[in-house]
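Student:
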Amino acid sequence: MRTLKHLLSPFKFGKMEVRNRIEVPPMLSCLSTPDGYVTRDLIEFYKAFAKGGAGIVTVGDTAIDAEYARGHFAQMQLGDDSVITGLNELVEAVERYGAKISIEINHSGRLVSHRMLKGKSPIGPSPIISAREEIAALMEGRKKVPVIEMNQDMIDQVIEGFANACQRCLLAGFEMVMIHGGHGQLINQFTSPSSNRRKDQYGGSLENRARFALEVLTAIRKKVGNRLTIEYRISADELIPDGMHEEETIEFIKIIEDKIDLVHASLGVVSDPKYAPYMAQPTYFPYQYNVKRAEKIKKAVKIPVTCVGSIMDLEMADKIIADGKADIVAMGRAQLADPEIINKTLRGETEEVRPCTRCGTCGSSRVTDSYKIRCAVNPIIGREIEFAKIEPAVKKKKIVIVGGGPAGLEAAIIASSRGHNVTLFEKQNQLGGNLLAAAAHSFKPDMKRYLSWLIKKAQNSKATIRLSSEATADVIKALKPDTLILALGSEPLIPKIPGINKNNVVTAKDIAMGLTKTGKKAIVVGAGLTGCEIALEIALQGSRVKIIDLICEQEIAKDTNLTNRMYLRELLNRNHIEIITEVKLEEINKNGVLIIDKNRNKLQISADTIVLASGAMPLSQRAKKLSKLAPETYIIGDCYKTRNLMGAIHDAFNVAVEI
């Protein structure tokens, strides 16, 4: 293992010195009050990262005012002096543990939700509706909300709002702020030619498009001087065809660099869902996806650079610093999955670090809907007060867990750690349940890492694990458990269709587990996440693939979040996978399938192999038969209701901490 001496070395920039080069980047938490004030939940959330050893902890997406700048409910705001008291409490809580605290300051401009504005229109440099709003209006069946072009008074008011917000942060005790100039937010809307079509001094040339950002920074410096260290967040490349790209971004940074102390090089925009996945890359992306762009910026400018984007462990981060590609490394999701990643590594407990799966649960649609932040693999995130300490059991119980999938494993880990006598039964010869198939995909290394960690954690716990052992009613009765936890999982749903039992029919699980292979041409039945992922895997192995489903176009892979869905669709397109929607599978025959479209037209599609990905059936009936065998019984995970990994892990955790 690397010594991490580069990553863990102190670093000076602006007026600050931080204890190491690790930053918690701004992440939307929705833990403030609905009107944007600090809460105890929010304080404990950020405090956990400071306790975990981070050098800089950045409070995410805080609007300059409560009325026109907030993109969603439960978003922090800096609109008047009444916020200072809560902010000061937050600063003190974080800095008590040796970290420096920063706060991201933003105005969402045309991206402010119509729900926030209560019938009013959002503002922007030009009256151009974002792609995000175009899609949202279509999906919600409503009219598109127009954008008001900002006049000079509006511009001046927003500039003053940024300066006043920074002054309030200074009064609250912050030494550092982050100005959000990327991701399609208001400042970026001015700098980008895709959203700025103005003909005055704020539009046209790069110098003109940079004017608003420069005036914001100048006003901030005039208000607070050099008493605040400023990090400027930017999209190194917007990626949209008519947006700002790398070379122009570098020229822009040169225009503003004497006003800032640090540049935070991110990627993509939230204003167009097609490019949103590049901001927080899903599991389908390679690691360290944006580092090369940060390196290019670092070589071209005089100020330090922060890089961010799928940097998933400290060894990756240390090498980035050692190779001179960046000065600070921002790790968001890795620290959400395990806020103690730094402390555990320093103690030599790297195998104890809980890996992130890059599933996107922590962001995407949860935040759009103003849900509080959660992590699929770390049930404590956003609930730090409730689970400040997992208490030992008041009464030690004999617990039998049936099922060695993720829910069963998590329950065994937590229950045994609290002192219960736990025995887990798994009828197969290996642990993992249905997660084994999900983790087997060549493009999901994160899930593989997590499953390996989860299994090892269970094996190293005090729970007794019995593989190749079916927990029959007689077996359970003989053990006389006080508590029975049923985590039997689910099984593939097999539709009742003529030809379903033919030799050319296999399940997605069989393919994923390597139990069988497809021919040169395959048809996948089912356009949910499982169907789309197995289709991609088959295509990567060299087969020609089509997906068929009764659902409409908008519902493809709807059982994952929007960010994952958008990029998965892009991967399917790249690999020439055709998706045929709104068709019914009539029969399977030796030459392929017969389908019927919505106009009742019949069509034969040829294929060598038919892959079933039609959903899963909870093993709830079997669970009910076993449920009377103990005084206290819980049904968790997929056998309660088929969901994603978060459902299984959180079910198990919530039960195991209460027994």
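Just so you know, the working numbering puts 266 at position 38 of the sequence shown, and the rest follows in order with no gaps. C-beta: ideal position from N, C-alpha, C; glycine also.
1) For the alpha helix (DSSP H) holding H342, just list the boundary residues, first then last.
2) From the DSSP output, in three-state form, read off E761 for me.
3) Answer with buried or exposed for I784, where buried requires no fewer than 16 other C-beta atoms within 10 angstroms of its C-beta.
4) For a test of the three-state rule: what should DSSP assign to H878, helix, strand or coil?
5) Quick check on C535: does DSSP put it in helix, strand or coil?
6) Have a look at C397 and M559 and give me their C-alpha separation to the nearest angstrom.
7) Taking only the alpha-carbon atoms, compute the straight-line gap between A616 and A278 and give it to the nearest angstrom.
8) Which same chain residues end up closer than 7 Å to D879 when comparing Cβ atoms and leaving out the 5 residues on each side of it in sequence?
9) Once the 5 residues before and after G843 are set aside, which same chain residues still bring their CB inside 6 Å of it?
10) Classify V622: buried if its beta carbon has 16 or more other beta carbons within 10 angstroms, exposed otherwise.
11) Classify G453 as buried or exposed, calling it buried when 16 or more other Cβ atoms lie within 10 Å of its own Cβ.
12) What is the C-beta distance between I284 and K328, in whole angstroms, given that I count them as a contact (C-beta under 8 Å)?
13) Residues in its own chain within less than 7 Å of T837 by CB, not counting five upstream and five downstream?
14) Would you check if there are 3 or more beta carbon pairs closer than 8 Å linking the region 641-659 to the region 682-702?
15) Would you call the region 634-650 and the region 872-887 in contact, with 3 or more CB pairs under 8 Å?
16) Skipping 5 residues on each side, what residues in its chain have a beta carbon closer than 6 Å to that of P225?
17) In the DSSP assignment, find the unbroken alpha helix (DSSP H) run with N392 in it and report its ends.
18) Straight-line CA distance for R871 to L712?
19) Note down the Cα distance separating A736 from S834, rounded to an integer number of angstroms.
20) In the DSSP assignment, find the unbroken alpha helix (DSSP H) run with K482 in it and report its ends.
21) Quick one: which unbroken alpha helix (DSSP H) runs of 4-plus residues sit fully inside the region 231-313? Chain order, please.
22) In whole angstroms, give me the CA-to-CA distance for A528 and H411.
23) According to the neighbour-count rule (16 or more other Cβ atoms, all chains shown, within 10 Å of its Cβ), is E765 buried or exposed?
24) Buried or exposed for Y599, please, with buried defined as at least 16 other CB atoms from any protein chain shown within 10 angstroms of its CB.
25) Relative to the ligand PLP, is the shortest distance from any of its heavy atoms to the C-beta of E886 smaller than 7 Å?
26) Among Y503, M382 and L822, which has the Cα closest to the Cα of E798?
27) Can you list, in chain order, the residues of its chain with a C-beta nearer than 6 Å to that of L232? Leave out the 5 residues immediately preceding and following it.
28) Residue range of the alpha helix (DSSP H) that I182 falls in?
29) Provide the residue(s) that pair with M404 in DSSP beta bridges, ordered along the chain.
30) Please report the residue range of the alpha helix (DSSP H) in which T791 lies.
31) Based on Cα-Cα distance, which residue from A302, I271 and Q417 lies nearest to G471?
32) Are there three or more Cβ pairs, one per stretch, closer than 8 Å when the region 260-277 is compared with the region 296-312?
33) Closest by CA to K450, which one among E479, I387 and Q509?
34) Do the CB positions of L445 and F480 come within less than 8 Å of each other?
35) On the three-pair Cβ rule with 8 Å, is the region 559-578 touching the region 517-535?
36) Please confirm whether L414 and E459 have their CB atoms less than 8 Å apart.
Tutor: Answer, in terms of the structure:
1) Segment H342 to L345, the alpha helix (DSSP H) holding H342.
2) The answer is helix: DSSP assigns E761 an H, G or I state.
3) With 16 or more other Cβ atoms inside 10 Å of its own Cβ, I784 counts as buried.
4) Helix, per DSSP.
5) Three-state result, C535: strand.
6) Between C397 and M559, the C-alpha separation is close to 24 Å.
7) Answer to the nearest angstrom: the Cα atoms are 15 Å apart.
8) A635, I864, G865 and Y868, listed in sequence order.
9) Excluding positions up to five away in sequence, the list reads L721.
10) Per the 10 Å Cβ criterion, exposed.
11) With a threshold of 16 other beta carbon atoms within 10 Å, G453 falls short and is exposed.
12) The pair is a contact, with the Cβ atoms about 5 Å apart (cut-off 8 Å).
13) For T837, where only same-chain residues beyond five positions count, the Cβ hits under 7 Å are N732, V734, T746, G747 and A750.
14) Counting C-beta pairs closer than 8 Å gives three or more between the region 641-659 and the region 682-702, which meets the contact rule.
15) Taking 8 Å as the limit for Cβ pairs, the verdict is that the region 872-887 does touch the region 634-650.
16) The chain is shown only over 229 to 887; residue 225 falls outside these bounds and no answer can be derived.
17) DSSP places N392 in the uninterrupted alpha helix (DSSP H) bounded by Q380 to A400.
18) Near 21 Å, if we compare the C-alpha coordinates of L712 and R871.
19) Approximately 19 Å between the Cα atoms of the pair.
20) That run of the alpha helix (DSSP H) goes E474 to I484.
21) Entirely contained in the region 231-313, the alpha helix (DSSP H) runs reaching 4 residues are, in chain order, 268-280.
22) So the alpha carbons of these two residues sit roughly 21 Å apart.
23) So E765 counts as buried.
24) Burial call: exposed.
25) Ligands are entirely absent from the displayed structure, and the ligand PLP is therefore not among its contents.
26) Answer by Cα proximity: Y503.
27) Here the set comprises L542 and D546.
28) The structure shown does not extend to residue 182, since the chain spans only 229 to 887, so no value can be given for it.
29) Looking at the DSSP output, M404 shares a beta bridge with T457.
30) For T791, the uninterrupted alpha helix (DSSP H) run begins and ends at L790 to R802, by DSSP.
31) Considering only alpha carbons, the answer is Q417.
32) Note that the region 260-277 touches the region 296-312; at least 3 beta-carbon pairs, one per stretch, sit closer than 8 Å.
33) Looking at the Cα atoms, I387 is the closest of the given residues.
34) No, these two residues do not count as a Cβ contact at 8 Å.
35) Not touching, per the Cβ criterion.
36) Taking a C-beta distance under 8 Å as the contact criterion, L414 and E459 do not qualify as a contact pair.
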